[in-house]
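Residue numbers (our numbering): 221 to 910.
In what follows, a single structure is set out as structure tokens and then discussed.
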């Protein structure tokens, strides 16, 4: 009898004890509607917090195809997306189970849920649609799940009495907090006693006849067999207190509107709209518990989290938590259906750690993998779906939350490789200086005079400068350093090659043009030879000017070659200018090689041409490797390559042209004679034939 109607009516005002739809909370559309139960909005917030507490973000949600199911599910879907909960399946189940299509709809729902592989199902439905869905899940062999329900079906004996209901898995859900109504059990017991008396039945029939005999005077045969024991479990349900509170809210409003005292109320007429003011203002107490309607004309008493606890086939609604403004759960009391009785996992994604971004997978827009941010990117709290690239002058490791400034990288003075190169440079300079000193001491000897005399000292001086130019490639480079590196190298090498060029011309005149030799030898010997050296150097200076005009090397900050550092390297702007600068030396070397490589002498004469040939040959071999490496190398080894080229070229010239002569001066002084070196390049076929 208590649940025959859903609301208490007082003309325009309405107080509901069962309507939880969020739509009714709109006070502009329903200004005179009040309720003594929380709205579905509070229920949905509790469910979302429950899912977050257990880390369940890959779920299915099902609602009954009615106002309650559609409304609650719609609210849940909007809230779930804001809390990183991914909906694998959402669907509605029919409420008209007599419809022939209802069975197929229920079976399709179970199949689709099974395909999603979710372990959590949120069900918003009344008892009968929920019963149909649970029965089909059992008959179709759906694996055990965690079912999250609401008071609409969780406390229903209809759902709990389904055969083999324990096989569905774990059932959790929220029911409204409500205290017991004092004296209500005694009232029901007295009512059952009165029903057995004829006087009560007669009065009841007369009352029903006056009200509406067609609808109320219907006899329920099953009701004759109901006892107080049959309804004892229903008396403890939480739906009883809202009815009691609803009646008291109207009574308190009338009490205030009439200005009643504890003894009596004055007789006065009160219109229904006058009650609204008193409904909105002061709180009222029911059984020492204070109640007050909020801005949406509702009372949020909170929820209890209930767990279906089965022991020996008996179901107990075990409270395991509560929700008001926050959710508390006593997890130790919940025994899940898993083998270890711990909560199952149901994750389409996991909460990404700092330094990871969300990468969508499949067709679910809210389903993603956590992927580490790659190098030179970082994770920003402003956008967790992508990684933000670092600025060009910065770097970051994998899975980073910030960027770091790059350190500068070049060939440092204190590096082991630099020390090794400097040691080799010192050795090369020492050998060059010793050779120069030896040649200076023996300057008037036939060997030194035949090799070029004072031109040898000039060549050794330029080789020393060439070796010293290695220091230009060590340390922090600059635009000026990059610009002069190649020019110093080219000018120093040109000074050495110009002496070889003069000696090669002399050899060619003697061997290939003996008739013209007396006329032109004076231009390649004695003091006039220095004019040719000056001419070669001036020509190289002209090419240096072209090099500067066309595009000299410049300082390049390379941010790509090294992961954590910026590489400071001299970069070639114009390969044409580079070719002009070094191509002139290559031409001189080619002329020297062509003038000397076919020259032969008798075994009794020293072959000066052979030393020039091998020196030029080594130069060409070194430069073939140098150009191939230099053009492609973009690391700190680029200046190392240039230093290595300078030192190997210098050592090659020393080893093939000067060291053999030092050997004769020091260890074979008997060969250092005019006869052995005079006309050493002139062929003597008569002696050869002998």
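Beta carbons are placed, not taken as given, at the ideal position from N, Cα and C, and that holds for glycine.
Considering only residues of the same chain and omitting the five flanking positions on each side of residue i, which have a CB-CB separation below 7 Å?
i	result
residue 782	629
residue 597	607, 608, 609, 610, 616
residue 817	833
residue 486	478, 479
residue 504	468, 469, 472, 511
residue 633	694, 695
residue 655	680, 874, 878, 882
Are residue i and residue j touching if we call contact CB-CB under 9 Å?
i	j	result
residue 757	residue 711	yes
residue 538	residue 549	no
residue 292	residue 340	no
residue 675	residue 731	no
residue 218	residue 686	The question about residue 218 has no answer, for the chain in this structure spans 221 to 910.
residue 389	residue 370	no
residue 284	residue 315	yes
residue 375	residue 348	no
residue 186	residue 587	Given that the chain is displayed from residue 221 to residue 910, the structure contains no residue 186 and the question cannot be resolved.
residue 167	residue 862	Nothing can be reported for residue 167: it is not among the residues displayed for the chain, which extend from 221 to 910.
residue 969	residue 288	Here the chain comprises residues numbered 221 to 910, so residue 969 is not present and cannot be evaluated.
residue 667	residue 884	yes
residue 860	residue 631	yes
residue 532	residue 513	no
Using the C-alpha atoms, what's the distance from residue j back to residue i?
i	j	result
residue 524	residue 611	53 Å
residue 507	residue 271	34 Å
residue 540	residue 274	14 Å
residue 344	residue 299	15 Å
residue 796	residue 727	33 Å
residue 556	residue 447	36 Å
residue 257	residue 238	6 Å
residue 350	residue 304	27 Å
residue 474	residue 511	16 Å
residue 789	residue 278	53 Å
residue 536	residue 459	18 Å
residue 552	residue 266	19 Å
residue 619	residue 636	33 Å
residue 866	residue 690	7 Å
residue 647	residue 892	27 Å
residue 843	residue 886	32 Å
Hey, is residue i close to the ligand NAD, as in C-beta under 8 Å from one of its heavy atoms?
i	result
residue 643	Among the ligands in the structure shown, none appear at all, so the ligand NAD cannot be discussed.
State the start and end residues of the unbroken beta strand (DSSP E) segment that holds residue i.
i	result
residue 578	576–580
residue 786	785–791
residue 281	278–284
residue 524	523–531
residue 591	588–592
residue 340	340–344
residue 308	306–313
residue 255	253–255
residue 629	627–629
residue 919	Not covered by the structure: residue 919. The range shown for the chain is 221 to 910.
residue 509	509–511
residue 539	534–543
residue 674	Taken as a continuous stretch (DSSP letters only), residue 674 belongs to no beta strand (DSSP E), being part of the alpha helix (DSSP H) at 674–688.
residue 370	365–370
residue 514	That residue, residue 514, is in no beta strand (DSSP E); it is neither H nor E in DSSP.
Tell me which residue opens and which closes the alpha helix (DSSP H) that residue i is part of.
i	result
residue 396	Element bounds for residue 396: not the alpha helix (DSSP H) but the beta strand (DSSP E), 389–396.
residue 810	795–816
residue 599	Taken as a continuous stretch (DSSP letters only), residue 599 belongs to no alpha helix (DSSP H), being part of the beta strand (DSSP E) at 597–600.
residue 748	Here residue 748 belongs to no alpha helix (DSSP H), and DSSP marks it neither H nor E.
residue 518	Run containing residue 518: none; DSSP gives neither H nor E here.
residue 325	320–336
residue 260	260–274
residue 850	828–850
Keeping to the same chain, check which residues put their C-beta closer than 8 Å to that of residue i; ignore five residues upstream and five downstream.
i	result
residue 353	282, 313, 326, 329, 330, 343, 345
Report, in whole angstroms, the separation of the C-beta atoms of residue i and residue j, which I expect to be a contact under 8 Å.
i	j	result
residue 707	residue 767	7 Å
residue 772	residue 703	4 Å
residue 296	residue 264	5 Å
residue 578	residue 786	Wrong, their Cβ atoms sit about 31 Å apart, outside the cutoff.
residue 698	residue 775	6 Å
residue 804	residue 755	About 12 Å; that fails the 8 Å criterion.
residue 368	residue 387	Actually they do not touch by this definition, with Cβ atoms about 17 Å apart.
Taking 9 Å as the CB-CB limit, is residue i close to chain D?
i	result
residue 286	This model lacks chain D altogether, as it is built from one protein chain only.
For residue i, which residues in the same chain have their Cβ closer than 6 Å to its Cβ, ignoring the five residues on either side in sequence?
i	result
residue 836	809, 812, 813
residue 378	347, 351
residue 894	666
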